[in-house]
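One gets this note's numbering by counting positions in the sequence shown from 1 and adding 165 to each.
All C-beta atoms in this analysis are idealised placements derived from N, C-alpha and C, irrespective of residue type, glycine included.
Working notes for the structure below.
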Amino acid sequence: MAVYTDVAPAELEAFLSGYDIGSLTSFHGIAEGVENSNFLVQTTTGSFILTLYEKRVKREDLPFFVGLMQHLAARGLSCPEPVAARSGAILAEVAGRPAAMVTFLPGVSVRRPTAHHCAELGRGLAQLHLAGADFALKRTNALSVTGWRPLFEAAGAAADTVAPGLSEAVAAELAVLEANWPQDLPSGVIHADLFPDNAFFLDDQLSGIIDFYFACTDFLAYDVAICLNAWCFEADGAYNVTKGRALLAGYEAVRPLSEAEKAALPRLARGAALRFLLTRLVDWLNVPEGALVRPKDPLEYLKKLRFHQAVERAQDYGLAA
Ligand SMILES: Nc1ncnc2c1ncn2[C@@H]1O[C@H](COP(=O)(O)OP(=O)(O)OP(=O)(O)O)[C@@H](O)[C@H]1O
Ligand SMILES: N[C@@H](CCO)C(=O)O
166 MAVYTDVAPA ELEAFLSGYD IGSLTSFHGI AEGVENSNFL VQTTTGSFIL TLYEKRVKRE
226 DLPFFVGLMQ HLAARGLSCP EPVAARSGAI LAEVAGRPAA MVTFLPGVSV RRPTAHHCAE
286 LGRGLAQLHL AGADFALKRT NALSVTGWRP LFEAAGAAAD TVAPGLSEAV AAELAVLEAN
346 WPQDLPSGVI HADLFPDNAF FLDDQLSGII DFYFACTDFL AYDVAICLNA WCFEADGAYN
406 VTKGRALLAG YEAVRPLSEA EKAALPRLAR GAALRFLLTR LVDWLNVPEG ALVRPKDPLE
466 YLKKLRFHQA VERAQDYGLA A
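And the structure:
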């Protein structure tokens, strides 16, 4: 149940009195998600999402996130639109947490994506990259290569309680990627967390992208690598090249990858796998007392990392020659 901060009905009513969105008819915490506290708010005019930002979202980053959603929605991307209060304010504070209201998107996430869903996602990701190309604000990716060693140090030797030898394996991979991380690739706004739970489908067509709270400025191909990790592996840890081919073809139909991006893809995929291994490892080792949210399995990403370590060229992911 990803509600870390609860909201009393009276407090919500007081908060909503500052908005022209009708009167409250119902609201409830949303179980999905592990980073923030989300509530479905229904009023006499429609449905909205109230998000209370938790530990990994810094207040100073919120203007970037809400500004980006406004920018992408204005360019036709189906994403949540921040709702302004009567005062014009987008950002607020509810139950002591920074908060914002956004529009509710129809559609459902798919738990077991097919190759068709991967193709749709690839197209949507490329459209996101193109729509974000003229977004004025920049945000450094705190979870790219320079952010991984501090995460590893936060886990420390306890990593080996999760799996024997994990600490040594991560230290070795970290050294390789810090020494060989790609430079000078096409950069821009990336989503950076576009997992199946953050994409909505209606009748198997991509209908929306949510959860822009890791969005930042980084290599566009790194976002592709994150999606290959999140969408193209089966539950048993095997890479599904049919899904990879579909995702990459969908992406390239909208935005072709450069030769430099293709050459860098295996390293970017290793880095993406290490990033999610590390954030999951830190969460796994730091479950708050009485938490109702079960952290995600870091070892899922150790398996993916090991796959990428054996990949020699982008075509191994299903990329057209
Ligand atoms: N704009 C929206 N429209 C419809 N549903 C939404 C919207 N935003 C969030 N949700 C619902 O709330 C859930 C959690 O949202 P979100 O993924 O942003 O939370 P989170 O804590 O950042 O999760 P995580 O980072 O683990 O994906 C989503 O899976 C979805 O069910
Ligand atoms: N999508 C992330 C959790 C939210 O950042 C993961 O699966 O590890």
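- Within the model, the alpha-carbon separation for Val341 versus Pro347 is close to 12 Å.
- Contact annotation, Leu205 with Val231: C-beta distance approximately 19 Å; criterion of less than 8 Å not satisfied.
- According to the DSSP secondary-structure assignment, Ala265 is paired through a beta bridge with Thr216 and Leu256.
- Note: Leu205 is bridge-paired with His193 and Ile214 in the DSSP secondary-structure output.
- Ranked by how close their Cα comes to the Cα of Gly409, the residues Gln474, Asp401, Trp313 and Glu285 have Glu285 in first place.
- For Asp349, no beta strand (DSSP E) encloses it, and the DSSP letter there is neither H nor E.
- Under the 10 Å beta carbon count, Gly253 is surrounded by fewer than 16 other beta carbons and is classified as exposed.
- Only residues of its own chain outside the window of five on either side were considered, and among them Cys381 have a CB closer than 8 Å to the CB of Ala307, listed in chain order.
- Sequence-distant Cβ neighbours of Asp171 in its own chain, meaning closer than 6 Å and more than five residues away, do not exist here.
- Glu200 is the residue among Glu200, Gly183, Phe192 and Ala175 whose C-alpha sits nearest the C-alpha of Val458.
- Across the set Ala411, Gly415, Cys392 and Leu467, the C-alpha of Cys392 shows the shortest separation from the C-alpha of Leu430.
- Relative to ligand 2, even the nearest heavy atom lies 7 Å or more away from the CB of Val389.
- Going by DSSP, Gly312 is part of the alpha helix (DSSP H) stretching over Val310 to Ala320.
- Residue range Cys381 to Phe384 is occupied by the beta strand (DSSP E) that includes Thr382.
- Within the stretch 405-457, the complete alpha helix (DSSP H) segments of 4 residues or longer fall at 406-419 and 424-450, listed in chain order.
- Judged by DSSP in its simplified three-state form, Ile391 adopts helix.
- Rounded to the nearest angstrom, the Cβ distance from Gly287 to Leu412 is 4 Å, consistent with a contact under 8 Å.
- CA-to-CA, the gap between Pro361 and Pro278 works out to about 7 Å.
- Between Ala357 and Phe384, the C-beta gap is not smaller than 8 Å, which leaves the two residues out of contact.
- Within the DSSP bridge table, the entry for Gly232 names no partner.
- Beta-bridge pairing by DSSP links Gln370 to Leu367.
- Per DSSP, Gln474 is one residue of the alpha helix (DSSP H) stretching across Pro463 to Gln474.
- Counting the other CB atoms within 10 Å of its CB gives Gln292 a total of 16 or more, which places it among the buried residues.
- Ranked by how close their Cα comes to the Cα of Arg251, the residues Gly415, Leu227 and Tyr184 have Tyr184 in first place.
- Distance between Leu227 and Phe377, taken at the CA atoms: about 10 Å.
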